[in-house]
Amino acid sequence: MARGKAFDSDASGSGSRGGRGPGCSACGRGGTIPPSSSGTSRASSSAQRPILPPSLPSAPFSSTPVSGPVQSLPAAQSPTVQASSDPRTNLSLVAGHIYPSSRASRQIMRIIKLQLHKEGYSWDAVPQEARDFYWEEFQKHFIWDEAITAMLKVAWEKLCADRYADFTYRMRRSGKKQQCVSQEIWKSWQKAWEDPAFKRKWEIFAQNRRSETGGDGAGPS
């Protein structure tokens, strides 16, 4: 029975301890406050720690837009470079003649040789469509003040007539065609050159050519 009482006292003691709900809860709070508070602070600090690192990379990212305008500067400057790099030669008029005439003359003959015609035994006989082609090609190689376009085209026509006359004169005098002249065109020109009216005109040109001290002459156009 003593064992039973002891057991009962223990049970009652444990019961009394268990029965003191407020006391036990107070002890429980007293015992558990430090770890719970530290746990809370750790949780709060751990919750606050991830907030700081994301804000740190924002500083270098914010500097990236600065590189945008720097890269756009060369593109903004490129039109100026292109505008100043026109490969065409600038022409002007001096006393009604194209200047520089030598460069214009060479280019005129290069263009004419690109498209010869059977009817073109002289410049006057060259079809208008061919002349229009020559003029369009000429503008691809030269530039000038738009205000003098009409007068410059007149000077261009005269220069074309002179160079074309010299071109045909040399072949007629030598009796040999140049490589740019096809056999069909050559026969057509030879036939036209045998015309009496053209022969008279060509003789005048030949005399003027022989009397010149320099230059290529005007020639029959």
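Numbering (numbering that gives the first Met the number 0), first residue to last: 0 to 220. Beta carbons: idealized from backbone N, C-alpha and C, even for Gly. Note that the structure is predicted; figures quoted are calculated from it, not measured.
Taking C-beta separations shorter than 6 Å and ignoring five residues to either side along the sequence, the partners of R162 in its chain run S104, I107, M108, following chain order. Under the rule that a run must span 4 or more residues, the alpha helix (DSSP H) segments found entirely inside the segment 84–164 read 100–111, 127–138. When secondary structure is reduced to three states using DSSP, Q206 falls in the helix class. Rounded to the nearest whole angstrom, the C-alpha separation of C179 and W201 is 22 Å. Between P86 and E128, the alpha-carbon positions lie close to 27 Å from each other.
Shown here, E193 sits in coil according to DSSP, grouped into three states, outside any helix or strand. Here the segment 151–161 lies against the segment 88–100, with 3 or more beta-carbon pairs under 8 Å apart.
The C-beta distance from Y120 to W188 rounds to 4 Å, short enough to meet the 8 Å contact threshold.
For S181, the secondary structure class from DSSP, reduced to helix, strand or coil, is coil. Beta-carbon to beta-carbon, L90 and F141 are separated by about 5 Å, close enough to satisfy the 8 Å threshold. In this structure, the alpha-carbon of S210 lies about 23 Å from that of P195.
For the set D144, F137, T88, the Cα lying nearest the Cα of K112 is the one of F137.
K186 carries a helical assignment under DSSP once its states are collapsed to helix, strand and coil.
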